[in-house]
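Residue numbers for the sequence shown follow our numbering, so the first one is 891 and each next one is one higher. Notes follow once the structure below has been shown.
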Amino acid sequence: MSRIKIVLVVFILFATLQAQTKTTQDSTNSLSEKINRYLISAVDAYKFNGVALVAKDEKIIFHKAFGWRNFEAHSYNDTSTIFPILSITKSFTSIVILKLQEQKKLSVNDKLNKYLPGFPNADKITIEHLITHTSGIYNFTDDIGEEDSALVNHPVTKQFMLDFISKKPFAYSPGEGFGYNNSGFYLAGMVIEKATGKSYEQNVRELIFEPLGMNHSGFDFNNLNENSKAKGYQVFTADQQKPYMYVDSTVGYSAGSIYSTTTDLYKWTQAISKKQLLSTASWKYAFKRKASDYSVGFRVNNFLGREYIKHSGGYPGFVSEFIYYPKENVTIILLKNTGNYGEDVWPITMGLPSIIFGQPYDLWKIRTPIKLTDDILKQKEGKYSMDKLTVTFLVKDHQLVLSHGGELALLAESEDHFYSQNFNTTFWFKKNTQGNVDKVIIHEHGEDLELKRRE
């Protein structure tokens, strides 16, 4: 439900460069063949295990399952396998709110004290604050770690969650900041119930699932038939397969409890592309940025110079993503049943628009890390720059780390070649004639970026 993601300028810069560069890939292959080859390379490198769907101009051009649905049962994923969609749930919650606003049952400008009187700062918090991550309310999933995995697998009451959240300090005053917040969306679900007299789940079914024919979507993933759903793995490699129990639906609730299939989620993205369910004015409001790159239940940004609407989700064992490019009418949906804390599926997703829009990309490779001494690692320490971009490499806990707006630990393939565990990015440190490292070449998506050492 929450994602810990290091955003590096270097990846943004690569996206900019790609938008201005024509692909060097063989143009004779069809898009579906390229997508298939790319995803197979990710599967072989243990980076993807799940189902992918790609559509262009209202036509599905690729839909295929990869890997194990349940390794122990020796069953494979297929295109009907059910996955948790995790925080993509937030998009559904937001659209329900906007539909109820159209029905005059609530307003996004309503104060929280109208529905949950007694909650701290309820007279200052609006529904819009809840669904744009601007409420300042404490994010309850910050307290959930691997040590709590057994606790969150059991049902909890809404009153318990309300009491827990209300006792925590605010991160900032309502409307005066931004912070990804599951608590806000949890409370939004309670508001929906107060405003309608129906459960959150019933509202989603009646207002979204049923009109769109999303017949394979629901809420209580843990109690689904084992033969229809994917099993989540916190670790999945050739040597180790570590299952991870999914969080109970009462904990995820309106912030992250929905399960679905790629086919059902494509119906959802078609509703977005065709502006179904809501009025044109409501959809326009839904996609207008409120804070950071977040609108109302969606992220609105650009990649490869093209604007997108997207959301993703992550929890140990599962990650999910949908991304829609409105001008190009392209939809990408990925549902994956492997992943750990701090991981998402964006590194895989990045390659797909590159393929679709004719930009350079790299296939994934199987990489084997080696251990290097601190003396060798320290030879790479320093600041490296190109134009206005400067990054720093340093050694921490016997590992080379890239520092820029966050820290990214790197693994060594050889004395001079390093790579990112999650991103398809490599770092080649080059020496001058005196044997000193004087530059680093960062390679991603078929492009090289050369940064010179400054100190």
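Idealized CB from N, CA, C, for every residue including glycine.
Strictly under 8 Å for the Cβ-Cβ distance: is residue i near chain D by that measure?
i       : result
Leu1341 : The structure shown contains no chain D; it is built from a single protein chain.
Kindly indicate which three-state DSSP category residue i falls into: helix, strand or coil?
i       : result
Gln1289 : strand
Gly1108 : strand
Thr906  : With a pLDDT of only 38 at Thr906, under 50, the local geometry of the prediction cannot be trusted, and no value is derived from it.
Ala1176 : helix
Phe1099 : helix
Ala1347 : Missing from the structure shown is residue 1347; the chain here goes from 891 to 1345 and no further.
Lys1014 : coil
Gly1079 : helix
Glu1036 : helix
Glu1218 : coil
Phe961  : coil
Asp968  : coil
Val1186 : coil
Asp1138 : coil
Thr1022 : coil
Met1276 : strand
Phe901  : Low confidence applies to Phe901: its pLDDT is 46, below 50, so where it sits in the model is not reliable, and the reading given next is rough at best. Looking at Phe901 - three-state DSSP - the assignment turns out to be helix.
Pro974  : strand
Tyr1123 : strand
Asp1328 : strand
Gln915  : Residue placement at Gln915 is flagged as unreliable, the pLDDT there being 40, under the threshold of 50; the coordinate-derived value follows with that caveat. The answer is coil: DSSP assigns Gln915 none of H, G, I, E or B.
Lys994  : coil
Asp1154 : helix
Buried or exposed for residue i, going by 16 or more other Cβ atoms inside 10 Å?
i       : result
Leu1155 : buried
Gln1130 : exposed
Glu1334 : buried
Gln1249 : buried
Asp1138 : buried
Gly1035 : exposed
Ile1256 : exposed
Gly1103 : exposed
Thr1280 : exposed
His1288 : exposed
Ala1176 : buried
Gly1008 : exposed
Which value, in whole angstroms, describes the spacing of the CA atoms of residue i and residue j?
i       : j       : result
Asn999  : Ile1199 : 24 Å
Gly1074 : Arg1179 : 17 Å
Asn1312 : Pro1237 : 7 Å
Ala1012 : Met1051 : 16 Å
Ile930  : Phe956  : 8 Å
Tyr928  : Asn1314 : 12 Å
Asn1105 : Phe973  : 14 Å
Glu1096 : Ala935  : 41 Å
Asp1252 : Gly1336 : 5 Å
Ala945  : Lys1286 : 43 Å
Asn939  : Lys1004 : 45 Å
Phe1060 : Ile1266 : 45 Å
Gln915  : Lys924  : The predicted model places Gln915 with a pLDDT of 40, which falls under 50 and marks its position as unreliable; any figure quoted below should be read in that light. Using only the alpha carbons, I get a separation of about 9 Å.
Asn1117 : Glu962  : 12 Å
Lys1261 : Gly1296 : 23 Å
His1044 : Thr1031 : 15 Å
Lys980  : Arg1343 : 43 Å
Asp1306 : Glu1345 : 18 Å
Thr1016 : Ser984  : 13 Å
Glu1066 : Ser1275 : 34 Å
Tyr1062 : Asp1038 : 26 Å
Asp1053 : Gln1092 : 24 Å
Gly1142 : Ser1202 : 15 Å
Ala1128 : Glu1303 : 18 Å
Lys1088 : Ser1310 : 47 Å
Taking residue i as the reference, give the member of the options with the closest Cα.
i       : options                               : result
Lys1278 : Leu1341, Gly1065, Glu1096 and Asn1029 : Leu1341
Gly1122 : Tyr1134, Ala1128, Asn1115 and Ile1098 : Tyr1134
Gly1325 : Asn1230, Ser1202 and Gln1269          : Gln1269
Ala969  : Ile1266, Ile950, Glu1066 and Val1220  : Sequence inspection shows Thr at residue 969; the Ala mentioned does not correspond to that position. When each option's Cα is compared against that of Thr969, the closest is Ile950.
Ser1150 : Phe1111, Val1125 and Pro1259          : Phe1111
Pro1206 : Val1042, Ser984, Leu1006 and Lys1004  : Val1042
Val1327 : Ala1299, Leu1301, Ala1302 and Lys1273 : Lys1273
Phe1188 : Ile1266, Leu1225, Glu1211 and Thr971  : Glu1211
Ser977  : Asn960, Ile1021 and Lys1320           : Ile1021
Thr1086 : Leu1168, Leu990 and Asp1032           : Leu990
Ile1222 : Gly1229, Ile1213 and Asn1230          : Ile1213
Tyr1215 : Thr1159, Trp1173 and Gly1241          : Thr1159
Asn1191 : Lys1217, Val1094, Thr1024 and Thr1170 : Lys1217
Phe1109 : Phe982, Val941, Leu943 and Lys1164    : Phe982
Asn1029 : Glu992, Lys994, Pro1007 and Phe1068   : Phe1068
Leu1167 : Ile987, Gly1241 and Ala1128           : Ile987
My guess is that residue i and residue j are in contact by the Cβ rule of under 8 Å, so how many angstroms apart are they, rounded?
i       : j       : result
Glu1100 : Tyr1090 : With a Cβ gap of about 15 Å, Glu1100 and Tyr1090 do not count as contacting.
Lys1048 : Met1080 : 6 Å
Glu1233 : Gly1204 : 6 Å
Ile1148 : Ser1107 : 6 Å
Quick one: does the C-beta of residue i sit closer than 7 Å to a heavy atom of the ligand GTP?
i      : result
Leu996 : With respect to small molecules bound, the structure shown includes none, and the ligand GTP cannot be examined in it.
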